[in-house]
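Numbering-wise, the sequence shown is residues 1 to 206 according to this note's numbering. C-beta atoms are modelled at their ideal positions from N, C-alpha and C, and glycine is treated no differently. Please read these numbers as outputs of a predicted model, since none were measured by experiment. Following: one structure in structure tokens, then a few remarks.
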Amino acid sequence: MLTYLIFGITYAFAAGVQPGPLQTYIISQSLKKGWRSTLPAAFAPVISDMPIVILILFLLNSVPDNFIILLRFGGGLFLLYLGYKAYKSWKEFDANDTTTKESGKQTLFSAVIVNILNPNPYLGWSLIMGPMFLEGWRIDPTNGIALLIGFYVTIIITLAATIILFTFARKFGPKVSKTLLGLSSLFLFAFGIYQLWIGTLFYINI
């Protein structure tokens, strides 16, 4: 169970600090409206992911184990790709790029819509979280529950910290953001290698 909990926590951290549509929206609102008005948006992934998770888990549960192994390999490669993108963002980091045009909406509903239209949750659950959840659930349901708890508690905390960080950006400066990007790159590379390794082991044992 601990392995799945740690996976959920660290993958959520990497996803939470990775630049994307939701993060861009949250940052813009934090800089303009402050943390009190923007903080509810940190719960957007919990709401927006529910239909995505149900659909993808239903589809994954009806396919053969060989397909899950293929997804493992696909997920590993996708994680390496995300790690490279995070590394590139870290290397080319520019503090001026974080202040994008705000969308004009600051509500939780707006953040949910942004995330539903974001392809990352679909890819993440199809290639990484979904297969990992089903694998853990089949061994022991508490593994799957631990993965979900670790992921969503961490993603909420990470997004909330991002909101607070960028609200007080003038005080803390952009170095913290660059450090978080560097850490996310390392996490994504590590999980990509882990996914490929696990997929290889499952393939060998078939």
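Residue i burial status per 10 Å Cβ neighbour count (16 or more: buried)
| i | result |
| --- | --- |
| F2 | Checking the sequence, you will find Leu at residue 2 rather than Phe. The residue in question, L2, is exposed, as its Cβ has fewer than 16 Cβ neighbours within 10 Å. |
| I26 | buried |
| Y4 | buried |
| I69 | buried |
| S62 | exposed |
| M50 | exposed |
| T179 | exposed |
| T142 | exposed |
Local conformation of residue i per DSSP, three classes
| i | result |
| --- | --- |
| E92 | coil |
| F78 | helix |
| D49 | helix |
| S62 | coil |
| G34 | coil |
| P19 | coil |
Contacts around residue i, its chain only, beta-carbon distance under 6 angstroms, and the 5 residues preceding and following it disregarded
| i | result |
| --- | --- |
| A12 | F151, T154 and I155 |
| G8 | L147, G150 and F151 |
| L82 | L188 |
| V46 | Y152 |
| D140 | none |
Under 7 angstroms between C-beta atoms of residue i and residue j
| i | j | result |
| --- | --- | --- |
| A41 | L108 | yes |
| N115 | A44 | yes |
| V53 | W125 | yes |
| R36 | Q195 | no |
| L57 | G130 | yes |
| T211 | S30 | The shown model of the chain, from 1 to 206, leaves out residue 211, and the question about it has no answer. |
| G34 | T200 | no |
| S89 | P19 | yes |
| L165 | G16 | no |
| L183 | L134 | no |
Cβ shell of residue i (< 7 angstroms), same chain only, five flanking positions each side left out
| i | result |
| --- | --- |
| L79 | I128, L188, F191, G192 and Q195 |
Same chain, Cβ closer than 8 angstroms to residue i, five either side skipped, listed in chain order
| i | result |
| --- | --- |
| Y122 | I52 and I56 |
Checklist entry - Along the chain, which unbroken stretches of the alpha helix (DSSP H) at least 4 residues long are found entirely within the stretch 104-172? => result DSSP runs (the alpha helix (DSSP H)) wholly in the stretch 104-172: 108-116, 119-124, 130-139, 141-167 and 169-172.
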